[in-house]
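Chemist:
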Amino acid sequence: MTSSTNVSTPAAPSTLRRLLKPSSIGGWLVWGMIAVFFVAMFALIFTVFLDSIATTWFGSWLPDDFTTHWYGDAWAEFDLANVLLVTGQVAVAVVVISTLIGVPAAYALARRNFPGKRIVTVLFLLPILIPPITYGIPLATVLYKVQLAGSLFGVIVANLVPTVPFVVLVMIPFIEQIDPKIEAAARMCGAGTMTIFFRVVGPLLVPGILAAGVLVLVRTVGMFELTFLTSGPSSSTIVVVLYGAVFGAGIRAPQEVDAMAVLYTASMLVLLVAALRFVNPTQLVTRVGAR
Amino acid sequence: MTTATGLAPGGPEVARQSLRHRLADRGIDRVLLLLVPGVLFLSLLFIYPFLYGLNLSINPTNGGGPLTNYQNFFSDSYLRDTIWTTLSLGVPAALFNVLISVPIAYRMRGRFRFKRTITTLLVVPIALGTVLTADGLIQLLGPSGWLNKMLLDFKFIDQPLILVHNYWGVLMSLIITGFPFAFLLVLSYLSGIDPNLERAASVMGAGTWERFRRITFPLLVPGLAITFCLSFVLAFSVFPSASLVGDPAGSTRVISIAAYHAAFEQFDYSMGSAISMIMGAIMLGIIALVLGWRSTMFRGATGGKG
């Protein structure tokens, strides 16, 4: 097999060229699949974008004429400035609170073996293993009962349910890779618990916290089900407004909805690219895999 | 215990050991206080609503025994069939995403130029959101969309293919939105496998296919089981896409739509909670099945990191 050289020198700079060489049918198939995926994805985004700048587009290959006024219309009609403000408030609050609750819990779980640890771990795993819509309905019912549903606070609280465990799961491997001897050494040198936390462990955890925070941010902005079930008119984030706009349609021009969808995707893309700068996606779950 | 007696020899010392010490020996000390906010929070907002919902579901709105809601669900075919609808969408979507991710991630795991760019492009669907995906699918694959136009112009078909507002539209939407997660997970499991194992096999004369089949794939299977579970969780709550590109009253009436309909459109919270409980039970049942199967697989050290 000529292709066996592929593996023996994976770091060689010319690997791409060698990958592209028709050494194996399988290789070509994979690149073909990736190409189909890219073409489909870009066609998908492109058609929506095209429609959002079209005056009218029915059944022809391309729209009749182009305009940008749908963006202005959507901005005014859905009060997007306010919606984006709400989205930002919810996202920032969820990131901050879930970090404050999740990081200490992750620290305890990473550092200590105690009776009942399995139960606590399952408690932190369940909200991730159960689809949001499943626990969202009872949760929304409870929030309606205590009259929190519909408020900004209710939306934040509901979004925290999956994000706190998420922060815990992301942070545990980060904490485990910090040598406990560093903390022991700091204590030997006379540092108190607070000092150790803020001057020793904290700074070492910053990359992990950033990674978790940015992932929670993406997740919260994109979280449909929980926000949909618990939000009211004044506390809807952009995903929910977008979904509502499709169903409230009727007289509204579909281009307006598309314009809003494009705005949403553009802002999510910015967040996603920022997230991928902080997070190496290939290191997310290696620990779970090792279990 | 032994260290404590070692430090201070003599019988009475052991007895004098404080409760705090003995607890600390078992791993219970003040550090565990850090868990309190998290556990309290989840008990209040996850466990309590769940129990509340369970209690609500066995107290039907219109009276009757504790199991009335569940009996109604399973005797009404319009409701019962939603389970099948959901599974027939969720299982193929999750399975497809996991299986397609394996070869792609296998290609992507080495180090080469543009790797970061290609990986980023592959996860772009995370940013799309259901509405843009749905609108794009409708415009691309709808009766007058580009695909049908092309096929009609080339005379491959006489009638436009009906690909949206039915099962296929929802399935495609699920595949597009679920792929990035499956891909990232598989990629991350793959990079946890020590490349030296494959190099060793290569030295022994194993070809590309043989190395994948005999070395990498068996080590990857446990990770694939987890990936399938998480992809299935994502695909299971198909609520928005089932209504946007599907046929929410008929062929893609999934169980989450039935639950939402009962709870927030008919205001029968009791029935809505009952359907939620059924959903949760099915979900956990499938996860238990997959993980149980996984535990029969080889789970040795994968070498490498982790």
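Residue numbers (my numbering), protein chains in the order written: chain U, 39 to 329; chain E, 10 to 315.
Don't be surprised by glycine CBs; every beta carbon is placed ideally from N, CA and C.
Return helix, strand or coil for U:F104, following the three-state DSSP convention.
Modeler: If DSSP states are grouped into helix, strand and coil, U:F104 belongs with the strands.
Chemist: Closer than 8 Å by beta-carbon distance: list the chain E residues that pair up with U:L280, in chain order.
Modeler: Those within 8 Å of U:L280 in chain E are G138, V140.
Chemist: The alpha helix (DSSP H) spanning E:M286 covers which residue range?
Modeler: 278-304 is the extent of the alpha helix (DSSP H) around E:M286.
Chemist: Please list, in chain order, the chain E residues whose beta carbon lies closer than 7 Å to that of U:R149.
Modeler: In chain order: V40.
Chemist: Buried or exposed for E:L199, please, with buried defined as at least 16 other CB atoms from any protein chain shown within 10 angstroms of its CB.
Modeler: Its Cβ being crowded by 16 or more others within 10 Å, E:L199 is buried.
Chemist: List, in chain order, every chain E residue whose beta-carbon is nearer than 8 Å to that of U:F152.
Modeler: Within 8 Å Cβ-Cβ: R35, G36, I37, L41.
Chemist: Could you name the residues of the same chain whose beta carbon sits closer than 7 Å to that of E:L183, not counting the 5 residues immediately before and after it, in chain order?
Modeler: Cβ neighbours of E:L183 beyond the five flanking positions: L98, A102, A244, V247, S250.
Chemist: Can you give me, in chain order, the residues of the stretch 272-305 of chain E that have a beta carbon less than 9 Å from any beta carbon in chain U?
Modeler: Hits within the stretch, in order: A272, F273, Y278, G281, S282, I284, S285, M286, M288, G289, M292, L293, I296.
Chemist: Per DSSP, what are the beta-bridge partners of U:A92 in this structure?
Modeler: DSSP lists U:F104 as partners of U:A92.
Chemist: Just curious, the alpha helix (DSSP H) that E:C238 is in, first and last residue?
Modeler: E:C238 -> alpha helix (DSSP H) spans 226-245.
Chemist: With distance defined between alpha-carbon atoms, name the residue in E:S110, E:P46, E:S240, E:W155 nearest to U:I168.
Modeler: Checking every option, the nearest Cα to that of U:I168 belongs to E:S240.
Chemist: If E:P134 and E:F188 are in contact, beta carbons under 8 Å, what's the gap, nearest whole angstrom?
Modeler: With a Cβ gap of about 6 Å, E:P134 and E:F188 count as contacting.
Chemist: If E:S303 sits next to E:A234, beta carbons under 8 Å apart, how far is it from one beta carbon to the other, in whole angstroms?
Modeler: Residue identity differs from the one stated: residue 303 of chain E is Arg in this sequence, not Ser. Indeed they touch by this definition, with Cβ atoms about 4 Å apart.
Chemist: Under the assumption that U:P218 contacts U:R149 (Cβ atoms under 8 Å), give the Cβ distance between them as a whole number of angstroms.
Modeler: Contact flag correct, Cβ pair sits at about 7 Å.
Chemist: I'd like to know whether the C-beta atoms of U:A178 and E:F273 end up nearer to each other than 9 Å.
Modeler: It is a contact, given that the beta carbons lie within the stated cut-off.
Chemist: Taking the alpha helix (DSSP H) that U:M306 falls in, what are its first and last residues?
Modeler: That run of the alpha helix (DSSP H) goes 292-316.
Chemist: Let me see if you follow: with CB-CB separation under 9 Å, is E:L243 close to chain U or not?
Modeler: Judged by the 9 Å Cβ criterion, E:L243 is in contact with chain U.
Chemist: What residues from the stretch 160-174 of chain E come within 9 Å of chain U, judged by C-beta to C-beta, listed N to C?
Modeler: Under the 9 Å Cβ criterion, the stretch 160-174 of chain E contributes no residue.
Chemist: For E:R29, which residues in the same chain have their Cβ closer than 8 Å to its Cβ, ignoring the five residues on either side in sequence?
Modeler: Within the same chain, E:R29 has close Cβ partners D38.
Chemist: Quick check on U:M209 - is its C-beta less than 9 Å from some C-beta in chain E?
Modeler: Not an interface residue.
Chemist: What residue from U:S274, U:A249, U:A297, U:L301 has the CA that sits closest to U:V317's CA?
Modeler: Ranking the options by Cα distance to U:V317, first place goes to U:A249.
Chemist: Just the C-alpha distance for U:G22 and U:T275, rounded to the nearest angstrom, thanks.
Modeler: Because residue 22 of chain U is not part of the residues shown, which for chain U are 39 to 329, the question remains open.
Chemist: At which residues does the alpha helix (DSSP H) containing E:T70 begin and terminate?
Modeler: Looking at the DSSP string, E:T70 is not in any alpha helix (DSSP H), and its letter there is neither H nor E.
Chemist: Can you have a look at U:V193 and say buried or exposed, based on whether 16 or more other CB atoms are within 10 angstroms of its CB?
Modeler: It counts as buried.
Chemist: Quick one: what's U:S269 bridged to in DSSP?
Modeler: Beta-bridge pairing links U:S269 to U:G188.
Chemist: Since U:I139 and E:F50 are thought to touch, with beta carbons under 8 Å apart, how far apart are those beta carbons, to the nearest angstrom?
Modeler: Rounded, the Cβ-Cβ distance is 6 Å, consistent with contact.
Chemist: For U:V279, which residues in the same chain have their Cβ closer than 6 Å to its Cβ, ignoring the five residues on either side in sequence?
Modeler: Here the set comprises F116, V121.
Chemist: I'd like to check one pair, E:V179 with E:G119: are the Cβ atoms closer than 9 Å?
Modeler: Their beta carbons are not under 9 Å apart, which means E:G119 does not touch E:V179 by this criterion.
Chemist: Residues of chain U with CB under 7 Å from E:F59, in chain order?
Modeler: Result: Y173, P176.
Chemist: Within the stretch 174-226 of chain E, note down every full alpha helix (DSSP H) run reaching 4 residues or more, in order along the chain.
Modeler: Complete alpha helix (DSSP H) runs here, min 4: 176-199, 204-212, 217-220.
Chemist: Flag this pair as yes or no: are the beta carbons of E:L44 and U:A143 separated by less than 9 Å?
Modeler: Yes.
Chemist: Residues in the same chain with beta-carbon distance under 6 Å from E:S282, minus the five sequence neighbours each way, listed in chain order, please.
Modeler: Closer than 6 Å at the Cβ level, and outside the excluded window around E:S282, lie G62, L65, S66.
Chemist: Apart from the five residues just before and just after U:V141, which ones in its own chain have a Cβ nearer than 6 Å to its Cβ?
Modeler: Closer than 6 Å at Cβ, skipping near neighbours: M209.
Chemist: Tell me the start and end of each unbroken alpha helix (DSSP H) in the stretch 99-153 of chain E that is at least 4 residues and wholly inside, in chain order.
Modeler: Whole alpha helix (DSSP H) segments, 4+ residues: 124-131, 134-150.
Chemist: Using the beta-carbon of each residue, which ones in chain E are nearer than 7 Å to U:G140?
Modeler: Residues of chain E passing the Cβ test: G47.
Chemist: Figure out for me which residue from E:D34, E:M213, E:N71, E:A297 has the closest Cα to the Cα of E:F276.
Modeler: Looking at the Cα atoms, E:N71 is the closest of the given residues.
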